[in-house]
Amino acid sequence: MAVTLPAPFSEIHREQLLFGPSPVHLIDRMTFDLGGKVKIWAKREDRNSALAFGGNKTRKLK
């Protein structure tokens with residue numbers, strides 16, 4: 001979602017810190033261990049940026 005900032009903030013150059021949406025992966029072993037009745041998925045925040053290794057650290061800068 002793009003936001004238009006008022007001056008003087010709109011004049012500040014912005015750098016793209018993230019690669020894009022982080023991928024979601026099926027956790028096969030946990031799904032199997034739970035009997036296959038539910039599928040467990042994990043959002044891979046560690047694959048979203050070269051700056052961070054997971055969590056929401058870069059969101060504070062974005």
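Heads up: the sequence shown is residues 1 to 62, going by UniProt numbering. Ideal placement from N, C-alpha and C gives every residue a C-beta, glycine not left out.
From the options, residue whose alpha carbon lies closest to that of residue i
i            : options                       : result
glutamine 16 : Leu26, Ala2 and His25         : Ala2
leucine 26   : Lys43, Arg14, Gly35 and Leu34 : Lys43
Residue i versus residue j - alpha carbon distance
i               : j             : result
aspartate 28    : asparagine 48 : 21 Å
leucine 5       : leucine 18    : 20 Å
valine 24       : arginine 14   : 27 Å
glutamate 11    : aspartate 33  : 53 Å
glycine 20      : alanine 7     : 27 Å
phenylalanine 9 : glutamate 45  : 28 Å
glycine 35      : serine 22     : 27 Å
Contact set for residue i: own chain, Cβ-Cβ below 8 Å, skip 5 residues either direction
i            : result
threonine 31 : Val38, Lys39 and Ile40
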